[in-house]
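Read through the structure below, which is laid out as structure tokens, and then see the notes.
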Amino acid sequence: MVEGFLSQFVDAYYLRIMVIIGINIILALGLNLITGVTGQLSMGHAGFMSIGAYTAAILTLQFGLPFGPALVAGACMAGLFGFFIGIPTLRLEGDYLAMVTIGFGEIIRVFFLNFELGGKATGLYGMTKSTTFTTVWILVIIIIFLNAKLLKSRYGRAMYAIREDEIAAEATGINTTLMKVLAFTVGAFLAGLAGGLYAHYMGYIAPKDFAFMKSIEILNMVVLGGMGSIPGSILGAFILTIAPEMLRIVDEYRLLFYGALLVILMIFRPNGLLGNVRIYDIKKRFKKKEV
Amino acid sequence: MSILKLEGITQEFGGLRALDTVSMEVEQGKIFGIIGPNGAGKTTLFNIITGIYIPTEGNLFFKDGDITSTPAYNVARLGIGRTFQNIRLFGKLSVIDNVKVGSHGVTSSGFISNLFALPKAKKEEEIITAKALDLLELVGLADVKLEFADSLAYGDQRRLEIARALALEPTLLLLDEPAAGMNSAEKLDLMELINLIKEEYKLTILLVEHDMDLVMNICDLIAVLDYGKKIAEGTPQEVKSDERVIMSYLGVQV
Amino acid sequence: MFWEQLLNGLTLGSSYALIALGYTMVYGIIQLINFAHGEIYMFGAFVGLLLVTVFGLNIVVALIGAMIFCMLLGMLVERIAYRPLRGKSSRLSALISAIGVSIFLSTLMVLIRGPNTTRYPEIIKINTYTIGSVSVSSLQIIILLVATLLMVGLQVMIRKTQIGKAMRACSQDIEASYLMGISVNRVISFTFAIGSALAAAGGVMVGVYYNAVWPYMGLMAGLKAFAAAVLGGIGSIPGAMIGGITIGVLEIFGVAYLSSSYKDAIAFAILILVLIIRPQGILGQKKIKKV
Numbered sequence: 034m035v036e037g038f039l040s041q042f043v044d045a046y047y048l049r050i051m052v053i054i055g056i057n058i059i060l061a062l063g064l065n066l067i068t069g070v071t072g073q074l075s076m077g078h079a080g081f082m083s084i085g086a087y088t089a090a091i092l093t094l095q096f097g098l099p100f101g102p103a104l105v106a107g108a109c110m111a112g113l114f115g116f117f118i119g120i121p122t123l124r125l126e127g128d129y130l131a132m133v134t135i136g137f138g139e140i141i142r143v144f145f146l147n148f149e150l151g152g153k154a155t156g157l158y159g160m161t162k163s164t165t166f167t168t169v170w171i172l173v174i175i176i177i178f179l180n181a182k183l184l185k186s187r188y189g190r191a192m193y194a195i196r197e198d199e200i201a202a203e204a205t206g207i208n209t210t211l212m213k214v215l216a217f218t219v220g221a222f223l224a225g226l227a228g229g230l231y232a233h234y235m236g237y238i239a240p241k242d243f244a245f246m247k248s249i250e251i252l253n254m255v256v257l258g259g260m261g262s263i264p265g266s267i268l269g270a271f272i273l274t275i276a277p278e279m280l281r282i283v284d285e286y287r288l289l290f291y292g293a294l295l296v297i298l299m300i301f302r303p304n305g306l307l308g309n310v311r312i313y314d315i316k317k318r319f320k321k322k323e324v
Numbered sequence: 000m001s002i003l004k005l006e007g008i009t010q011e012f013g014g015l016r017a018l019d020t021v022s023m024e025v026e027q028g029k030i031f032g033i034i035g036p037n038g039a040g041k042t043t044l045f046n047i048i049t050g051i052y053i054p055t056e057g058n059l060f061f062k063d064g065d066i067t068s069t070p071a072y073n074v075a076r077l078g079i080g081r082t083f084q085n086i087r088l089f090g091k092l093s094v095i096d097n098v099k100v101g102s103h104g105v106t107s108s109g110f111i112s113n114l115f116a117l118p119k120a121k122k123e124e125e126i127i128t129a130k131a132l133d134l135l136e137l138v139g140l141a142d143v144k145l146e147f148a149d150s151l152a153y154g155d156q157r158r159l160e161i162a163r164a165l166a167l168e169p170t171l172l173l174l175d176e177p178a179a180g181m182n183s184a185e186k187l188d189l190m191e192l193i194n195l196i197k198e199e200y201k202l203t204i205l206l207v208e209h210d211m212d213l214v215m216n217i218c219d220l221i222a223v224l225d226y227g228k229k230i231a232e233g234t235p236q237e238v239k240s241d242e243r244v245i246m247s248y249l250g251v252q253v
Numbered sequence: 004m005f006w007e008q009l010l011n012g013l014t015l016g017s018s019y020a021l022i023a024l025g026y027t028m029v030y031g032i033i034q035l036i037n038f039a040h041g042e043i044y045m046f047g048a049f050v051g052l053l054l055v056t057v058f059g060l061n062i063v064v065a066l067i068g069a070m071i072f073c074m075l076l077g078m079l080v081e082r083i084a085y086r087p088l089r090g091k092s093s094r095l096s097a098l099i100s101a102i103g104v105s106i107f108l109s110t111l112m113v114l115i116r117g118p119n120t121t122r123y124p125e126i127i128k129i130n131t132y133t134i135g136s137v138s139v140s141s142l143q144i145i146i147l148l149v150a151t152l153l154m155v156g157l158q159v160m161i162r163k164t165q166i167g168k169a170m171r172a173c174s175q176d177i178e179a180s181y182l183m184g185i186s187v188n189r190v191i192s193f194t195f196a197i198g199s200a201l202a203a204a205g206g207v208m209v210g211v212y213y214n215a216v217w218p219y220m221g222l223m224a225g226l227k228a229f230a231a232a233v234l235g236g237i238g239s240i241p242g243a244m245i246g247g248i249t250i251g252v253l254e255i256f257g258v259a260y261l262s263s264s265y266k267d268a269i270a271f272a273i274l275i276l277v278l279i280i281r282p283q284g285i286l287g288q289k290k291i292k293k294v
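Residue numbers (the numbering used here), protein chains in the order written: chain A, 34 to 324; chain B, 0 to 253; chain C, 4 to 294.
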């Protein structure tokens, strides 16, 4: 409906991009919670996305479930996996966690490659394209809102504290393992949600859509935008969805760019564009200029 | 009555024995000092008390409850707060947020409640904020409450750490070299602060320090560690004149 | 049959061991998981191929050439992407930078050679010997010999030379080493050089043995070699050797007696189990939290 209204003013091509941006924002916000806020480097985010995508797709295709419940079920499934994977692995130190999450991502991908019901390497196709511009962006707005509330709450503070200094966080009464698992679960849930939206937007999915490189893409969005920052993740998702489109960068070069970008950012601007940038500091700078 | 009891605490790291059958009792409401040369095991002792390490042997009691293998976050919630030798603040959180984090363990609003900003969570957040402001006033950091914690001057950072520990509403407070890097004026302020919070919050304080003036001035009792063993215990006067202590630590000057 | 599989496993395992050594040595000194290490191995394989096919060199010279090239590549990576971050940045930043390098290098190779598999030409005349009822190929013997030689050489260097002593000192206490006048930067560069050279040797050997190289071979082998390093005890050189051989053997037996589609999952499963049950690995020491 909204789409019909908008399509009078805006070219369908741009509407398509906006949908993809919306889905990427949800992915970025989920990873941001795990990696940017809580400081746990998760390299298997695409795996959770695929769980959500396949679950939702199978439910609508094979079981005739309506879109809404299927979407939720997909997200919950992903969240569940996040929970169970998180519990044993989040005790590990950062370095190991990264490797293990890559491992899990691979295991999930190999699983779907061999999964009968999921169509193995061919994947699934024929899903109703129920994902609309409206659907996505209403969800995006809700998720941004809830995310912001969470980060301002004591849970958000606790998660930031874990990133800053895990031992001090423990000594300050924070059950760090619980908090890390919580962040991981919510992040996975959001990835699953994005996956379900993606599946019913494209109408077809295959294991290669959720390869390791997808996880890298999402990581880049979070890192570029600024780890721990909601506006940062939104900006990162925006830039890294639009730029390749606008510049017509071929897939291979895109990855080259991502790799170099990560290194350059870490050396020159580890906080990305908006990390640790607060309105308070900006106001302060203006006040100083007046004086 | 004794609020903290250590019985035969031994800590081994591979081949190294950092602590060797250390026993002591800390009486409630007192300021108890732990001194000793570098490497004597003082911080290791703190880490054991706060649950960061589990001792190889021995038992630990807090208010008669066995906390030998209690994990660090539970120890904190039971009422043991601490500061660190090398300051461990949450650098990229604001000053006031650092203190608010301290309240995390003593609040109970649930995840959903916080996510949707339900009344219970809102109410609790107000209490947390009010308490944090009070504590910042106490340590004199209310003006900079919105600055990043890692932008503070060194002495301010130390005081922020204390405020954060106080947010836990502890009954026992462990201060690990709080005066390190301070000048005489700052140390006087610190002494005042320690006495103040002890009275105000009815605390028992356990203090590791190298500054002898501070220790002698402020502590009711002192234990001396050397090479992981407790070699002396007593009032400041007794310890100052104890031969073994002098030999191992204070040097020739008496 | 069993003995043949065992031999296969030992051959595969020694290539993992050669790669694992690089991981473990670097981690032992600067506590960084060099994500890009797998790509160095991959480059080694390709450079070896290049030297043999384009320059017509014999395999021994090609091996040495590949090792030298990767030595330089490894040192370059350290200089550009890791050294600037040493000391001042969080572990998370260093990890992300390493991932960036890994992506960059693998994509670079895809751009140079395309994503598909290239065959190694028949360089060595392969004879098959029969011992008892077991058939052994001369290739296996050569590979095992070369690998053993290299590993023994490494041990000798570590134990008997000045630089080896410096490496050991740095892995125990890098600050003290610095204060004692050891040029820490030089030691680190050297460590990267040696690790990369060994990985390159592994790459060439795998290329020759399996007759195939492809740009993403580094990702898989790298993860498995990391699992090997962890299994043996990260930071322990003998551990990396043991871990590598073990994983190679288990992988071959897993394929022979279980199923081949999950062969990649074997190493991950081991990694996860080790990290959960005995994180210090076989020969590693339990790490004490420094608070």
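Using N, Cα and C, we set each Cβ at its ideal position, and we do this for glycine too.
Using the C-alpha atoms, what's the distance from residue j back to residue i?
i, j, result
"A232 (chain C)", "A20 (chain C)", "8 Å"
"G64 (chain B)", "I2 (chain B)", "10 Å"
"V64 (chain C)", "S18 (chain C)", "19 Å"
"R49 (chain A)", "P277 (chain A)", "14 Å"
"Q252 (chain B)", "M246 (chain B)", "At Q252 (chain B), the pLDDT of 48 sits below 50, so the modelled position is not reliable; the number obtained from the coordinates is stated separately. Spanning the two alpha carbons is a distance of roughly 10 Å."
"T194 (chain C)", "A268 (chain C)", "30 Å"
"A216 (chain A)", "Y123 (chain C)", "47 Å"
"L220 (chain B)", "L132 (chain B)", "33 Å"
"F319 (chain A)", "E176 (chain B)", "39 Å"
"V190 (chain C)", "V294 (chain C)", "27 Å"
"L9 (chain C)", "L148 (chain C)", "16 Å"
"G264 (chain B)", "V207 (chain B)", "Any answer about residue 264 (chain B) is impossible in this case: the structure gives chain B only from 0 up to 253."
"V244 (chain B)", "L224 (chain B)", "9 Å"
"L183 (chain A)", "K99 (chain B)", "15 Å"
"Y219 (chain C)", "I251 (chain A)", "20 Å"
Can you give the beta carbon distance from residue i to residue j, rounded, assuming they're within the 8 Å contact cut?
i, j, result
"L230 (chain A)", "V169 (chain A)", "6 Å"
What is the DSSP secondary structure of residue i, reduced to helix, strand or coil?
i, result
"G259 (chain A)", "coil"
"Y260 (chain C)", "helix"
"F89 (chain B)", "coil"
"T20 (chain B)", "strand"
"Q236 (chain B)", "helix"
"R281 (chain A)", "coil"
"Q158 (chain C)", "helix"
"A222 (chain B)", "strand"
What do you get for residue i, buried or exposed, if any count of 16 or more other CB atoms within 10 angstroms of its CB means buried?
i, result
"K227 (chain C)", "buried"
"S186 (chain C)", "exposed"
"G101 (chain B)", "buried"
"R302 (chain A)", "exposed"
"E242 (chain B)", "exposed"
"Y331 (chain A)", "In the structure displayed, chain A extends from 34 to 324; residue 331 (chain A) sits before or after that span and is not available."
"F290 (chain A)", "buried"
"A154 (chain A)", "exposed"
When you compare the CB of residue i with every CB in chain A, is at least one pair closer than 9 Å?
i, result
"Y30 (chain C)", "yes"
"P70 (chain B)", "yes"
"S240 (chain B)", "no"
Report yes or no: is there a C-beta of chain B within less than 9 Å of the C-beta of residue i?
i, result
"S266 (chain A)", "no"
"I102 (chain C)", "no"
"I291 (chain C)", "yes"
"E203 (chain A)", "yes"
"T68 (chain A)", "no"
Counting only beta-carbon separations shorter than 9 Å, does residue i have a partner in chain C?
i, result
"G13 (chain B)", "yes"
"M246 (chain A)", "yes"
"E256 (chain A)", "The sequence given here has Val at residue 256 (chain A), not Glu. Judged by the 9 Å Cβ criterion, V256 (chain A) is in contact with chain C."
"L150 (chain A)", "no"
*Any residues in the region 179-198 of chain A with a beta carbon nearer than 7 Å to a beta carbon of chain E? Which ones, in chain order?*
Judged by its chain identifiers, the structure shown contains no chain E, and its protein chains are A, B and C.
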